[in-house]
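Colleague: For the record, the sequence lines run as chains A and B.
Heads up: the first sequence is residues 9 to 268, going by this note's numbering.
Heads up: the second sequence is residues -17 to 226, going by this note's numbering.
Pasting in a structure now, in structure tokens, and then I'll have a few things to ask.
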Amino acid sequence: MHPKLEVRGVTKTFGSGAGSVTALAGVDLEVAPGEFVSVIGPSGCGKSTLFNILAGLDSPSTGQVLLDGAPCAADDLLGRIGYMPQRDLLMPWRTVLDNTILGLEIRGVSRREARLEALRLFPEFGLEGFERRWPSEISGGMRQRAALLRTFLAGRDVILLDEPFGALDSLSRAGMQQWLLQIWETHRKTILFVTHDIDEALFLSDRVYVMSHRPGAIVDPVSVDIPRPRDYEVTTSVEHVERKERLLELLRPTREVLEA
Amino acid sequence: MLVAWEVGVRISGVSALLLPPPTAIVSTLVGSRALFLRHAMVTLVEILIGFALGAAVGLVLGVLFSYSRLLERAIYPWLVASQMVPVVAVAPILVLWFGFTLTPKVLVVALICFFPVAVNTIDGLRSVDREMVDLMRTLGAARPRIIRSVRIPSALPAVFSGLKVAMALAVVGAVFGEWVGSSEGLGYLMLAFNNQLATADLFAAIFVLSVMGIALFFLVGIVQRSVIPWYREDRGHHEPSKEG
């Protein structure tokens, strides 16, 4: 079986000549159908560039992105990959409910039907009772859940999540992580998750890719064979700590990586 | 404050020709209310037509410019120049061309109004959140949909700021148009009372004009709240983006 999403030798250079900047220097990764995979790396390692390429917003300089085994140009990817950027980007002029149905509306579903479909998922996403509120009236955690519901309702099999909990405090963050796992276990989407939080990556993922400092290159996947469903206590277990040490080792910028 | 004014005028013995006491102003207001109402209606019509015309032209120009750099480079400097030429100089020419009719006043008002609307519309349409546009693209949205669902709504708060400024200026513009040449309207009344040294009546006319101006300004605010109820001036809706 093909991986759901595959990245082969993707590089990205901005500009040309002496002023050019290499943001990605050879990224290879794959995500199986229904798998939860994380990419971790230091700030500015090109994670966002990689996600823009995967979402179809930008083209790689070299290399390929394959969806269901078929190579895709940027334009083919647009509209086929669910993308949740770091900022929730809820539209201030739409109510919470109407923000979540954006993807359905663009697909041509009538507003009425789209709302009905969204409302069915509101309790699960912890948004019940806030349908008619403006985004500016709800908390950061709720905004992220609304943004995630918008991404889910767009109906793509593959979802890219770019540090969705980065702006939340650590307590709400832990809650949101457990909640995300529940949602993922019920809906079984293929998820590629970017974070710079090692605990978060280990707790959530089946496998974790480490990205080196700029220019970004994928160093190694670490598989996280800790059984599911996982509880948050798992983050203090021996297995977790062992893997964390390995990831920390990989993240330490070596001479070789810096010269690459 | 009104009491202090009344008492002050009476005690100090300032001539009522220079500063009439409030009671005198109120009594002329009430006594000649039909007169004030008739002239106020004239000015109101000038303001409303001129404002509508100016706002429409401003909106159209703003939209055109934000979609065509070429058009903007060709015409924008002329628009700015049009604002540098004082209305004081233009108004008499308009009166010369159109006579003591409604037209020159409407044109003066429109000339003043279109500019803030155009500038704010351009800024509003340009201030669109790039990331929100990208998000729409990943959801498979085509250009017309992005314009309708993102660009236009995100421009509306700025457009309304422009409309408010325009409305405040429209009142001044109408009065000015009347000063240059007219036989009716609040501006005409002011000039007439001033020449007759009817200071209390002059103050009454100014009062009527102020009330009308304030009401019109708040009217724009009310329309704004019903068109963009999600927008609150006291809280920005763009949180800063974070490097990842």
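Every residue, glycine too, gets a C-beta built ideally from N, C-alpha and C.
Because the structure is a prediction, the values reported are computed rather than measured.
Rounding to the nearest angstrom, what Cα-Cα distance links glycine -5 of chain B and phenylalanine 185 of chain B in this structure?
Modeller: Distance between the alpha carbons of glycine -5 of chain B and phenylalanine 185 of chain B: 18 Å.
Colleague: What span of residues does the beta strand (DSSP E) with proline 79 of chain A cover, start to end?
Modeller: Element bounds for proline 79 of chain A: 78 to 80.
Colleague: Glycine 77 of chain A versus chain B: which residues are under 9 Å apart at the beta carbon?
Modeller: Within chain B, no residue comes near glycine 77 of chain A; the closest Cβ sits about 21 Å away, beyond 9 Å.
Colleague: At a Cβ threshold of 8 Å, is proline 68 of chain A touching chain B?
Modeller: Not an interface residue.
Colleague: Just to check my reading of the structure: arginine 153 of chain A and leucine 135 of chain A have Cβ atoms closer than 8 Å, yes? What is that Cβ distance to the nearest angstrom?
Modeller: At roughly 6 Å, the Cβ-Cβ gap stays under 8 Å, so arginine 153 of chain A and leucine 135 of chain A are in contact.
Colleague: Could you check whether the Cβ of arginine 115 of chain A sits closer than 8 Å to any Cβ belonging to chain B?
Modeller: Yes, its Cβ sits closer than 8 Å to a Cβ of chain B.
Colleague: Contact check, phenylalanine 160 of chain A vs histidine 195 of chain A under 8 Å by CB: the rounded distance?
Modeller: About 7 Å; that satisfies the 8 Å criterion.
Colleague: Which value, in whole angstroms, describes the spacing of the CA atoms of arginine 5 of chain A and methionine 114 of chain B?
Modeller: Outside the displayed range of chain A (9 to 268) lies residue 5 of chain A, so it cannot be described from this structure.
Colleague: Closest to serine 51 of chain A by C-alpha separation, out of A/Asp205, A/Arg254, A/Thr243, A/Val246, would be which residue?
Modeller: The residue with the shortest Cα to Cα distance from serine 51 of chain A is A/Asp205.
Colleague: If the criterion is Cβ atoms closer than 8 Å, does the pair isoleucine 89 of chain A and leucine 58 of chain A meet it?
Modeller: Contact: no.
Colleague: Check whether the Cβ of aspartate 105 of chain B lies closer than 8 Å to any Cβ atom in chain A.
Modeller: No, its Cβ sits nowhere closer than 8 Å to a Cβ of chain A.
Colleague: Pull up the DSSP beta-bridge partners for threonine 21 of chain A, would you.
Modeller: A/Thr30, per the DSSP bridge assignment.
Colleague: Which residue from A/Gly34, A/Arg238, A/Tyr91 puts its Cα closest to that of aspartate 214 of chain A?
Modeller: Cα-wise, what sits closest to aspartate 214 of chain A is A/Arg238.
Colleague: Tell me where the alpha helix (DSSP H) around leucine 17 of chain B begins and ends.
Modeller: Where leucine 17 of chain B is concerned, the enclosing alpha helix (DSSP H) stretches over 15 to 49.
Colleague: Distance, Cα to Cα, arginine -8 of chain B vs aspartate 183 of chain B?
Modeller: Rounded to the nearest angstrom, the two C-alpha atoms are 18 Å apart.
Colleague: Note down, in chain order, each residue of its chain lying with its Cβ closer than 8 Å to the Cβ of valine 209 of chain B, except the 5 sequence neighbours on either side.
Modeller: Leu138, Phe142.
Colleague: How big is the Cα-Cα spacing for asparagine 176 of chain B and arginine 133 of chain B?
Modeller: When rounded, the distance between both Cα atoms is 50 Å.
Colleague: Could you please tell me which residues of the stretch 129 to 148 of chain B, in chain order, have their CB closer than 8 Å to any CB of chain A?
Modeller: Those would be Ser131, Val132, Pro135, Ser136, Leu138, in chain order.
Colleague: For a quick check, are the C-beta atoms of alanine 162 of chain A and glycine 111 of chain A less than 8 Å apart?
Modeller: Taking 8 Å as the Cβ cut-off, alanine 162 of chain A and glycine 111 of chain A qualify as a contacting pair.
Colleague: Indicate the three-state DSSP secondary structure (helix, strand or coil) for tyrosine 240 of chain A in the structure shown.
Modeller: Helix at tyrosine 240 of chain A.
Colleague: First and last residue of the alpha helix (DSSP H) that includes phenylalanine 138 of chain A?
Modeller: That residue, phenylalanine 138 of chain A, is in no alpha helix (DSSP H); it is neither H nor E in DSSP.
Colleague: At which residue ranges does the stretch 133 to 201 of chain A contain complete alpha helix (DSSP H) runs of 4 or more residues, listed in the order of the chain?
Modeller: Correct list: 148 to 161, 178 to 195.
Colleague: Can you name the residues of chain A whose CB is closer than 7 Å to the CB of methionine 23 of chain B?
Modeller: Simply none; closest approach about 37 Å.
Colleague: Note down, in chain order, every chain A residue with its Cβ under 8 Å from the Cβ of methionine -17 of chain B.
Modeller: Ordered by position in chain A, no residue passes the 8 Å Cβ test against methionine -17 of chain B, which lies about 38 Å from the chain.
Colleague: Can you pull the chain B residues whose beta carbon is under 7 Å from the beta carbon of leucine 110 of chain A, in chain order?
Modeller: The contacting residues are Leu121.
Colleague: Can you tell which of B/Leu89, B/Ala22, B/Asp111, B/Ala148 has the C-alpha that lies nearest to the C-alpha of phenylalanine 200 of chain B?
Modeller: With distances taken between Cα atoms, phenylalanine 200 of chain B lies closest to B/Ala148.
Colleague: What ranges does the alpha helix (DSSP H) occupy inside the stretch 166 to 226 of chain B, keeping only unbroken runs of at least 4 residues that lie completely in it?
Modeller: Those alpha helix (DSSP H) runs which fall completely within the stretch 166 to 226 of chain B and span 4+ residues are 168 to 177, 181 to 209.
Colleague: Can you pull the chain A residues whose beta carbon is under 8 Å from the beta carbon of arginine 127 of chain B, in chain order?
Modeller: In chain order: Ile114.
Colleague: Quick test of your reading: isoleucine 29 of chain B and valine 153 of chain B, contact by CB under 8 Å. State the CB separation rounded to the nearest angstrom.
Modeller: Between valine 153 of chain B and isoleucine 29 of chain B the Cβ distance is about 6 Å, and since that is below 8 Å, they are a contact.
Colleague: Can you tell me where the alpha helix (DSSP H) holding serine -6 of chain B begins and where it ends?
Modeller: Serine -6 of chain B -> alpha helix (DSSP H) spans -16 to -6.
Colleague: Using a cut-off of 9 Å between C-beta atoms, extract the partners of isoleucine 89 of chain A located in chain B.
Modeller: Chain B residues near isoleucine 89 of chain A: Thr120.
Colleague: Just reading off the alpha helix (DSSP H) that methionine 9 of chain A is part of, what are its end residues?
Modeller: Taken as a continuous stretch (DSSP letters only), methionine 9 of chain A belongs to no alpha helix (DSSP H), as it is neither H nor E.
Colleague: Tell me, to the nearest whole angstrom, how far the beta carbon of valine 202 of chain A is from that of lysine 55 of chain A; I am working on the premise that it is less than 8 Å.
Modeller: Between lysine 55 of chain A and valine 202 of chain A the Cβ distance is about 5 Å, and since that is below 8 Å, they are a contact.
Colleague: Run the CB neighbour count on phenylalanine 44 of chain A, radius 10 Å, all protein chains shown included, and call it buried at 16 or more, exposed below.
Modeller: It is buried - the Cβ of phenylalanine 44 of chain A has at least 16 other Cβ atoms within 10 Å.
Colleague: Using the C-alpha atoms, what's the distance from threonine 21 of chain A back to tyrosine 58 of chain B?
Modeller: Taking the straight line from one Cα to the other gives about 37 Å.
Colleague: What are the partner residues of serine 231 of chain A, as DSSP defines its beta bridges?
Modeller: According to DSSP, serine 231 of chain A bridges with A/Arg215.
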